[in-house]
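Here is the structure we will look at.
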Amino acid sequence: MAEVLGFVASFAALIQLVQYGAKFAEALYQFSEQSGSPTEEIERFALQASTFSFVISTAHCSLDQHCKNYPDSPVLRFISTNGVLYSISYQSDSIKSRLRKAIRRVKNRLGSKNVVFNFLKWWYQKDSIKDLFPEMECIKTSLQLLLATAQFEIAKLEHNDQASKLSLADMKDLEKSILSFSLYIDIFNHHYGVATGYVLSVVIIGSSK
53 MAEVLGFVAS FAALIQLVQY GAKFAEALYQ FSEQSGSPTE EIERFALQAS TFSFVISTAH
113 CSLDQHCKNY PDSPVLRFIS TNGVLYSISY QSDSIKSRLR KAIRRVKNRL GSKNVVFNFL
173 KWWYQKDSIK DLFPEMECIK TSLQLLLATA QFEIAKLEHN DQASKLSLAD MKDLEKSILS
233 FSLYIDIFNH HYGVATGYVL SVVIIGSSK
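Read in order, the letters of the sequence shown correspond to residues 53 to 261 in our numbering.
Below, the structure written as structure tokens:
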């Protein structure tokens with residue numbers, strides 16, 4: 053139970069990212085409506101920020117429910133014991149700081165009706181905004197992997213209890229999908245050092261025994 057409590061405490065620190073991501077998306081949408089702004093490009097960034105917030109919020113709700121339903125979950129115990137969420141949370145600290153600054157910069161540039169000025173404002177800050185998304189994507193996909201791993205564990209437990217409607221072929225397809233997804237995460241692990249890929253390996257190896 054101590055491991056689970058530590059898991060919940062670590063994950064709570066990531067919830068702030070939901071608010072920052074939503075505020076960032078809102079500021080970008082507002083900026084995209086100004087005359088002279090490259091609307092399509094800015095709205096694409098805003099959509100990515102919205103998706104970022106949605107994934108973190110969904111992962112939080114799902115993993116919290118998983119914690120309540122399966123307090124002895126080997127996956128949750130591994131995540132807590134090995135500080136997986138702590139690693140993601142530590143990485144998110146710099147993202148939160150940079151998001152705060154980005155939100156402030158975008159909002160400070162709202163209100164102008166000068167087409168040329170608005171275009172130059174976006175051109176000036178575009179790179180600093182774009183640079184946020186690779187790390188945001190890393191955190192997002194890492195949490196997606198944790199969520200997928202928890203879902204796989206639930207399917208495995210239900211299958212073992214003969215309560216699942218999944219066929220053996222369905223289970224194999226699910227395992228292949230998650231394994232393919234883990235290869236994508238390995239790229240981020242290599243660049244950012246987020247050790248979430250190993251969690252999936254533990255679950256899949258355990259399921260084959």
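Here a beta-carbon is modelled for each residue, glycine too, at the ideal position from N, C-alpha and C. Being a predicted model, the structure only gives us computed values, none of them experimental.
Margin query: Could you compute how far the alpha carbon of residue 162 sits from the alpha carbon of residue 174?
Written below: 11 Å
Check: Is it right to say residue 176 is buried, meaning 16 or more other beta carbons lie within 10 angstroms of its own, or is it exposed?
Finding: exposed
Checklist line | Segment contact, 8 Å Cβ cut-off, at least three pairs: the stretch 126-142 with the stretch 193-203 | finding: yes
Item checked: Option nearest residue 144 by Cα separation, candidates 104, 110, 94, 86 -> 104
Note to self: Once DSSP output is grouped into helix, strand and coil, what is the label at residue 209?
What the structure shows: helix
Notebook entry, point to check: Roughly how many whole angstroms lie between the Cα atoms of residue 134 and residue 120?
Noted result: 20 Å
Checklist line | Minimum C-alpha distance to residue 141 - residue among 206, 86, 192 | finding: 192
Margin query: If you reduce the DSSP assignment to three classes, tell me which class residue 179 lands in.
Written below: helix
Notebook entry, point to check: Tell me which same chain residues have a C-beta within less than 8 Å of the C-beta of residue 97, skipping the five on either side of it?
Noted result: 80, 181, 182, 185
Check: Out of curiosity, what's the CA-to-CA distance linking residue 66 and residue 108?
Finding: 8 Å
Notebook entry, point to check: Out of curiosity, what's the CA-to-CA distance linking residue 123 and residue 207?
Noted result: 16 Å
Notebook entry, point to check: From this set, 101, 75, 78, which residue's C-alpha is nearest residue 189's C-alpha?
Noted result: 101
Next item on the list: For residue 112, collect the residues of the same chain with a Cβ closer than 8 Å to its Cβ; drop the 5 residues on either side in sequence, then sort them by chain order.
Entry: 63, 66, 67, 70
Margin query: Just to confirm, is the Cβ distance from residue 152 to residue 72 under 9 Å?
Written below: yes
Checklist line | Anticipated Cβ contact below 8 Å, residue 75 with residue 147, distance rounded | finding: About 13 Å separates the two Cβ atoms, so there is no contact after all.
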